[in-house]
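Enquirer: Here it is, the structure in full.
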Ligand SMILES: Cc1cc2nc3c(=O)[nH]c(=O)nc-3n(C[C@H](O)[C@H](O)[C@H](O)COP(=O)(O)OP(=O)(O)OC[C@H]3O[C@@H](n4cnc5c(N)ncnc54)[C@H](O)[C@@H]3O)c2cc1C
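In the working numbering, the protein residues as written are 11 to 816.
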């Protein structure tokens, strides 16, 4: 065993083996994998081995498609048979709602790059003769699906890595991790110590325990999962071909051929978390759990109804094994904040669809400093302290039980809520708010009419929120509205080196004291890392604000660039609440409440000042995310409720009305304001999305400067545009294709209804070759039909910005 190496990968399941292979593939060969037993000795050995590329997140879908292509690659390199069955797969719809959802998904596959086809029940029956299609409406076929041998694929990855110089130590258990002062590691194993630069937690079922060795909480929960293997089925014996992977979405089950019988897996409603506190070290290799037939009986019966010949074939074997779930079902990948050179690559629920994709992203991150594209959906830093053990269990259970649930864009799942609540939560409840969680915090989405249930009907079309949101928008446009945006992240950055530090981390020019600027942050590749707002409070003190769900993601980035600098970075999101008012009458209201002058001269647009509001000491920022005159009040949380009451009371005579995030999004869309994770993300560069106007290309140095200069002068394939869609009863949501005549011209990033302008609006990236084309030949796929659309050259509402500057 080596005593020194560059990377120790802990765990030899499908994920650890894929990480080892990708580190070597990308050029690091001085790497080792340590496995406490044999390769595949965790969840991997008893998996059904099914894989697919379909995923609602385009970048995850891209990585999954890549991962599938790796199996053949490593089979060739290693000579190890991976047992690949590329059968294709069919998702079945048995309800009209599901059929609509499937057709919507099919349209979006054009954007994601999946070549899928809609099938009739007859076509499904031809491909899968054992199915009863009597209530099936249709299906969605993707050729890039199938199943793989878990043993063969894991060994092929590990062998290929060994051929490139990696080493694999079996029957070697990592017992402790010691972080040294130079940020390297001592990996303590039962066979001796290994010194290394980086450790990667690929410990699957034991990821929590390996996390604890480095003081890292890993929000995963193992869940029990069953599949059955049947005896031979005559129709299969006689079938000329192999059954595709079948997913009956409404029946919440999957099926594939296994020799002349089938494997049927079920996601039962009364799920069972396994080993909730810790995973026993003895478990593994050949262990399985006792089947819980009573719990899966209903689900199996549904399977037998859908595939009637299963009932006669008899159950040859029942497998019940555990595998890990995160609160949202996506993996936990990337560097972990506060623990330098410790990398997470666990919580991979679908290791055979995702193993090589997450391994590629992680290896790029370790070797190049950033993964390609936006991988936030699986970034370990998307969770914060709120993802406690109980939260993880409740959310993991919820995700498992709703694995194939029909998901609408306005769905908010109920488990583990309320978790965090803002200081004005009870006031919002009294106003009949409908809430949605953001980074664990209950946030007002919209306000239901008094006397009605504050519940939104999940729908792809305009829901019962449509009219109330319209009223909220009109209240802001015509008078004044109040919103609790305490979810906004607030970072205080100060100290003797603060100016130099900020100047380097942000690509924009720094504001003068008392002023505010938009602050894009770039990756070294020149792609976007953040879209923050920078307020300068003193010569050496800044308040930076941004999206609340990115707190851990931003803090890690801030801290990574602060090494050796005299700069203090404090996340003040929870100790400061944010209450904002917006609308033409907001100045009138602010002048009644604030201790200082708030007229346009004393407090112009994009300025910031400390003032009292009633009894509360506040930082007031003259900002606008609605396109109207507006003020944001940053107030110590202990004062927030009193401040909110005070503003409401003073605003009574002005017709003040609370509004929520949905109205905020609609008002912002009318101004063509983009948002993070939609229009802005690491997928895009400043010149693609119009952020180049905020970049100070003349600055001597900032992260990503060289790439930014190249980006400024480059020809881009896509540019961000605003669209108006002639749509009725539904609005675009995201990742719908944009067509020019019959040519694919780009994709929507977000869309909603603009209540002031009375139009369905969207933002999206369109191929630049189409930008000069005649404007009346575009269309956008909304739900299940193409609707005519036009590109609008300027914002739908107040394009000159005179209202917010007034
Ligand atoms: C019944 C069932 C069916 C499934 N079907 C599918 C499917 O069809 N498709 C699909 O994609 N996924 C499926 N899965 C899920 C799949 O099994 C997992 O996603 C995958 O195996 C996770 O792999 P992993 O490498 O992350 O973890 P694991 O397989 O758990 O591997 C972790 C490894 O780390 C080792 N280890 C842990 N701690 C230490 C330590 N301290 N020192 C050294 N070594 C250590 C363990 O021994 C183990 O070998 C299924 C799971 C089950 C239970």
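Don't be surprised by glycine CBs; every beta carbon is placed ideally from N, CA and C. These numbers were taken from a predicted model, which means no experiment stands behind them.
Quick one: give me the first and last residue of the beta strand (DSSP E) that residue 356 is part of.
Expert: From DSSP, the beta strand (DSSP E) with residue 356 extends over 352 to 356.
Enquirer: Considering only residues of the stretch 125 to 160, which uninterrupted alpha helix (DSSP H) runs meet the minimum length of 4 residues and lie entirely inside it, listed in chain order?
Expert: 131 to 137, all fully within the stretch 125 to 160.
Enquirer: Just tell me which of 559, 766, 743 has its CA closest to the CA of residue 115.
Expert: Selected option, being the one with the closest Cα: 743.
Enquirer: Taking only the alpha-carbon atoms, compute the straight-line gap between residue 532 and residue 515 and give it to the nearest angstrom.
Expert: Their backbone Cα atoms lie some 8 Å apart in a straight line.
Enquirer: Quick check on DSSP: helix, strand or coil for residue 79?
Expert: Residue state, collapsed to three classes: helix.
Enquirer: Which residues mark the beginning and the end of the alpha helix (DSSP H) in which residue 314 is found?
Expert: Element bounds for residue 314: 303 to 316.
Enquirer: Could you compute how far the alpha carbon of residue 557 sits from the alpha carbon of residue 502?
Expert: If you take the alpha carbons of residue 557 and residue 502, they lie about 15 Å apart.
Enquirer: For the alpha helix (DSSP H) that contains residue 493, what are its first and last residues?
Expert: Not the alpha helix (DSSP H): residue 493 falls in the beta strand (DSSP E), residues 491 to 494.
Enquirer: Considering only residues of the same chain and omitting the five flanking positions on each side of residue 269, which have a CB-CB separation below 8 Å?
Expert: So the qualifying residues of the chain are 242.
Enquirer: Does DSSP put residue 645 in a helix, in a strand, or in coil?
Expert: Three-state result, residue 645: strand.
Enquirer: Alpha carbon to alpha carbon, how far is residue 430 from residue 753?
Expert: Their Cα atoms are separated by approximately 47 Å.
Enquirer: Taking just the CA atoms, how far does residue 254 sit from residue 98?
Expert: Roughly 5 Å between the two C-alpha positions.
Enquirer: Output the boundary residues of the alpha helix (DSSP H) element that contains residue 362.
Expert: That run of the alpha helix (DSSP H) goes 361 to 378.
Enquirer: According to DSSP, is residue 452 helix, strand or coil?
Expert: If DSSP states are grouped into helix, strand and coil, residue 452 belongs with the strands.
Enquirer: Given the structure, does residue 46 come close to ligand 1, in the sense that its CB is under 8 Å from one of the ligand's heavy atoms?
Expert: Flag set: Cβ of residue 46 near ligand 1.
Enquirer: Would you say residue 385 reaches chain D, if we count a Cβ-Cβ gap shorter than 9 Å as a contact?
Expert: You won't find chain D in this structure, because it holds only one protein chain.
Enquirer: Buried or exposed: residue 330, going by 16 or more other Cβ atoms within 10 Å of its Cβ?
Expert: So residue 330 ends up on the buried side.
Enquirer: To the nearest angstrom, report how far apart residue 363 and residue 718 are at their CA atoms.
Expert: About 35 Å.
Enquirer: By how many angstroms is the C-alpha of residue 256 removed from the C-alpha of residue 86?
Expert: Distance between the alpha carbons of residue 86 and residue 256: 28 Å.
Enquirer: Give the DSSP bridge partners of residue 205, in chain order.
Expert: Answer is 14, 196.
Enquirer: Closer than 6 Å by C-beta to residue 701: which residues in its own chain qualify, once you throw out the five before and the five after it? Chain order, please.
Expert: Closer than 6 Å at the Cβ level, and outside the excluded window around residue 701, lie 530.
Enquirer: Please look up how many angstroms separate the CB atoms of residue 526 and residue 645, rounded, as I've assumed it's under 8 Å.
Expert: About 17 Å; that fails the 8 Å criterion.
Enquirer: At a cut-off of 8 Å, would you count residue 433 as near ligand 1, judging by its Cβ distance to the nearest heavy atom?
Expert: Outside the cutoff, so no.
Enquirer: Say whether the stretch 218 to 226 touches the stretch 24 to 38, bearing in mind that this needs 3 or more beta-carbon pairs closer than 8 Å, one atom from each stretch.
Expert: The stretch 218 to 226 vs the stretch 24 to 38: no contact.
Enquirer: Spatial neighbours of residue 357 within its chain, please: C-beta separation below 6 Å, excluding the five flanking residues on both sides.
Expert: Answer for residue 357: 230, 334, 336, 341, 342, listed in chain order.
Enquirer: For residue 23, is the classification buried or exposed, using 16 other Cβ atoms within 10 angstroms of its Cβ as the cut-off for buried?
Expert: It counts as buried.
Enquirer: Does the beta-carbon of residue 15, which I'm using as the reference point, lie nearer than 8 Å to any heavy atom of ligand 2?
Expert: By its list of ligands, the structure shown excludes ligand 2, since it contains just ligand 1.
Enquirer: Output needed for residue 787: all residues of its chain with C-beta closer than 7 Å, excluding positions within five of it in sequence on either side, in chain order.
Expert: Counting only Cβ-Cβ distances below 7 Å, and skipping sequence neighbours, we find 750, 751.
Enquirer: Hey, would you say the C-beta of residue 778 is under 8 Å away from at least one heavy atom of ligand 1?
Expert: For ligand 1, not one heavy atom lies less than 8 Å from the Cβ of residue 778.
Enquirer: Could you say if the stretch 472 to 491 and the stretch 763 to 780 meet the contact criterion of at least three C-beta pairs nearer than 8 Å?
Expert: With the cut-off at 8 Å, the stretch 472 to 491 and the stretch 763 to 780 touch.
Enquirer: Tell me the rounded alpha-carbon separation between residue 605 and residue 624.
Expert: So the two alpha carbons sit approximately 7 Å from each other.
Enquirer: If you compare alpha carbons, which of 78, 405, 715, 310 is closest to residue 518?
Expert: Selected option, being the one with the closest Cα: 715.
Enquirer: Can you give me the Cβ contacts of residue 195 inside the same chain, cut-off strictly under 8 Å, excluding the 5 residues immediately before and after it?
Expert: Counting only Cβ-Cβ distances below 8 Å, and skipping sequence neighbours, we find 18, 187, 188, 189, 205, 206, 207, 208, 209, 351, 352.
Enquirer: Whether or not the stretch 502 to 511 and the stretch 537 to 554 are in contact is what I'm after, with contact meaning three or more pairs of Cβ atoms, one per stretch, closer than 8 Å; do they touch?
Expert: The stretch 537 to 554 vs the stretch 502 to 511: in contact.
Enquirer: Which value, in whole angstroms, describes the spacing of the CA atoms of residue 64 and residue 339?
Expert: In a straight line, the C-alpha of residue 64 is about 14 Å away from that of residue 339.
Enquirer: Applying the 10 Å Cβ sphere with the 16-neighbour rule, what's the burial state of residue 523?
Expert: By the neighbour-count rule (16 or more Cβ atoms within 10 Å), residue 523 is not buried but exposed.
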